[in-house]
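Beneath this line is the structure, given in structure tokens, with notes to follow.
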Amino acid sequence: MSRTVYVNGDYVPEEDAKISVFDRGFLFADGVYEVTSVLGGKLIDFEGHKVRLQRSLHELAMRAPVTMDELLEIHREMVRLNEIDDGLVYLQVTRGSGGDRDFVFPSDDTVPSLVLFTQSKPGITDSEASKTGIKIISIPDIRWGRRDIKTVQLLYPSMGKMMAKAAGVDDAWMVEDGFVTEGTSNNAYIVKGSKIITRHLGNEILAGITRAAVLRCAKEAQMEVEERSFTVDEAREADEAFVTSATTFVMPVVEIDGEPLGDGTPGRVARRLREIYLDESRKAAV
Ligand code: PMP
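When we follow numbering that gives the first Met the number 0, the leftmost residue of the sequence shown carries the number 0, and every step to the right adds one.
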């Protein structure tokens with residue numbers, strides 16, 4: 000069945016959706032996005048995604064195409080029209096079309112483009128990967144210097160996933176100046192003893208909405224959290240590792256660069272955090 004997508008004010012069948020070839024998202028990756036997961040027909044961490052979207056827009060001097068209240072209503076309508084029980088809503092805002100290709104930003108009255116679509120993912124919380132854990136490799140981080148802005152420039156993360164695939168594993172962690180920055184589409188963590196270690200926020204990584212929620216859960220459960228950089232060597236010697244993102248929640252990592260972590264099965268801390276995070280998120284879902 001064809002999905003209903005949202006394009007600049009209209010809910011239309013995906014085959015009928017139209018965006019200009021001069022849209023700056025298409026020509027310059029001049030756009031930002033958010034992915035909000037849906038569990039039981041409700042939006043997870045919507046408030047966090049909304050606030051981060053506003054920040055991304057602000058950092059790029061881009062106008063918001065609709066009010067934030069309207070944005071929530073559009074998300075809900077997309078979930079309703081596409082009958083999403085478990086899955087996600089993808090949202091993208093671009094600077095719109097200046098009517099031609101020009102590196103210089105178009106005038107301030109250019110209308111930004113807003114596109115949303117859904118993906119249905121039945122049973123997303125019980126994925127096979129969450130039970131077995133995922134394997135990763137480390138690769139150099141050669142992305143631009145403003146990774147705190149959630150832009151649609153995803154070519155290198157996409158290449159990173161292809162490098163992982165070619166190596167027969169699931170994903171890659173990126174490394175800069177000897178330290179792990181983050182996963183191709185997730186934040187990275189290691190666990191030593193009972194301490195959870197994850198890189199501090201800054202321009203080098205995306206401030207994950209799941210990261211914020213998971214660290215809040217960890218602190219509420221009296222788990223110790225340290226926000227600092229770590230190396231791949233330190234990760235290889237850790238007791239456990241995991242990643243977080245809106246679509247994978249808390250996902251255990253069981254192998255790094257061909258070496259199993261601990262006994263090669265999902266760790267206790269990761270499993271517990273996943274459970275707590277999913278419980279809390281379902282309760283707070285809108
Ligand atoms: N880092 C990167 C590079 C990402 O692409 C993502 C997911 N979009 C994340 C971290 C995790 O962010 P969130 O928890 O908000 O999905």
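C-beta: ideal position from N, C-alpha, C; glycine also.
Of the listed residues 68, 130, 7 and 135, nearest to residue 112 (C-alpha basis):
Numbered from its first residue, the sequence shown carries residue 112 at position 113. Of the listed residues, the one whose Cα sits closest to residue 112 is 7.
Assigned secondary structure, residue 133 (DSSP; H/G/I helix, E/B strand, else coil):
Locating residue 133 in the sequence shown gives position 134, counting from the first residue. Strand at residue 133.
Which of the three DSSP states, helix, strand or coil, is assigned to residue 140?
For the purposes of this step, residue 140 is taken as residue 141 along the sequence shown, with counting starting at 1. Three-state DSSP puts residue 140 in coil, outside helix and strand.
Exposed unless 16 or more other CB atoms sit within 10 angstroms - verdict on residue 300:
Any answer about residue 300 is impossible in this case: the structure gives the chain only from 0 up to 285.
When burial is assigned at 16 or more other CB atoms within 10 Å of the CB, is residue 199 buried or exposed?
Position 200 of the sequence shown, counting from 1, holds the residue named residue 199. Exposed is the call here.
Using alpha carbons as the reference points, say which of 256, 31 and 39 lies closest to residue 91.
In the sequence shown, the residue the question calls residue 91 occupies position 92. It is 31.
Distance between residue 0 and residue 214 (C-alpha atoms, nearest Å)
Along the sequence shown, read from residue 1 onward, the residue named residue 214 stands at position 215. Along the sequence shown, read from residue 1 onward, the residue named residue 0 stands at position 1. For residue 214 and residue 0, the distance between alpha carbons rounds to 39 Å.
Could you tell me whether any non-hydrogen atom of the ligand PMP is closer than 7 Å to the CB of residue 210?
Taking the first residue of the sequence shown as 1, we reach residue 210 at position 211. Indeed, a heavy atom of the ligand PMP lies less than 7 Å from the Cβ.
Just checking residue 245 against the ligand PMP - is the residue's beta carbon closer than 7 Å to any of the ligand's heavy atoms?
By 1-based counting over the sequence shown, the position of residue 245 is 246. Result yes, Cβ under 7 Å from the ligand PMP.
For residue 74 and residue 68, what's the separation of their Cα atoms in angstroms?
Numbered from its first residue, the sequence shown carries residue 74 at position 75. Numbered from its first residue, the sequence shown carries residue 68 at position 69. Using only the alpha carbons, I get a separation of about 10 Å.
For residue 223, does the three-state DSSP call read helix, strand or coil?
As a first step, residue 223 must be located in the sequence shown, where it is residue number 224. Looking at residue 223 - three-state DSSP - the assignment turns out to be strand.
Compute the beta-carbon to beta-carbon distance between residue 204 and residue 48, rounded to the nearest angstrom, for a pair I have assumed lies under 8 Å.
Sequence index remark: in the sequence shown, residue 204 carries index 205 (1-based). Sequence index remark: in the sequence shown, residue 48 carries index 49 (1-based). Wrong, their Cβ atoms sit about 17 Å apart, outside the cutoff.
Same chain, Cβ closer than 7 Å to residue 217, neighbours up to 5 away in sequence not counted
By one-based count along the sequence shown, residue 217 stands at place 218. Counting only Cβ-Cβ distances below 7 Å, and skipping sequence neighbours, we find 195, 224 and 272.
Got a sec? Which residues, its chain only, sit under 7 Å from residue 24 by beta carbon, not counting five neighbours each side?
In the sequence shown, the residue the question calls residue 24 occupies position 25. Excluding residues within five positions, the ones whose Cβ falls inside 7 Å are 30, 91, 93, 112 and 151.
For residue 90, does the three-state DSSP call read helix, strand or coil?
By 1-based counting over the sequence shown, the position of residue 90 is 91. Looking at residue 90 - three-state DSSP - the assignment turns out to be strand.
Along the alpha helix (DSSP H) that carries residue 14, what are the first and last residues, could you check?
For the purposes of this step, residue 14 is taken as the residue at position 15 of the sequence shown. Neither: residue 14 is in no alpha helix (DSSP H) and is coded neither H nor E.
How do the segment 139 to 157 and the segment 37 to 44 stand: do at least 3 beta-carbon pairs fall below 8 Å, yes or no?
Counting C-beta pairs closer than 8 Å gives fewer than three between the segment 139 to 157 and the segment 37 to 44, which falls short of the contact rule.
State the Cα-Cα distance for the pair residue 244 and residue 27, rounded to the nearest angstrom.
Numbered from 1 along the sequence shown, position 245 holds the residue referred to as residue 244. Numbered from 1 along the sequence shown, position 28 holds the residue referred to as residue 27. Distance between the alpha carbons of residue 244 and residue 27 is about 26 Å.
Should residue 168 and residue 134 be called a contact, given that it needs their Cβ atoms to be closer than 8 Å?
Translated into positions along the sequence shown, residue 168 becomes position 169. Translated into positions along the sequence shown, residue 134 becomes position 135. For residue 168 and residue 134, yes; Cβs fall inside 8 Å.
Is any heavy atom in the ligand PMP found nearer than 7 Å to the beta carbon of residue 46?
In the sequence shown, residue 46 corresponds to position 47, counting from 1. Checking the Cβ of residue 46 against the ligand PMP gives no.
May I have the straight-line CA-CA distance separating residue 127 from residue 265, to the nearest angstrom?
On the sequence shown, position 128 is the one that residue 127 refers to. On the sequence shown, position 266 is the one that residue 265 refers to. Near 12 Å, if we compare the C-alpha coordinates of residue 265 and residue 127.
Less than 8 Å between the beta carbons of residue 147 and residue 202, yes or no?
For the purposes of this step, residue 147 is identified with residue 148 of the sequence shown, where counting begins at 1. For the purposes of this step, residue 202 is identified with residue 203 of the sequence shown, where counting begins at 1. Their beta carbons are under 8 Å apart, which means residue 147 touches residue 202 by this criterion.
Please look up how many angstroms separate the CB atoms of residue 161 and residue 136, rounded, as I've assumed it's under 8 Å.
Translated into the one-based positions of the sequence shown, residue 161 becomes position 162. Translated into the one-based positions of the sequence shown, residue 136 becomes position 137. Residue 161 to residue 136, Cβ: 11 Å. No contact.
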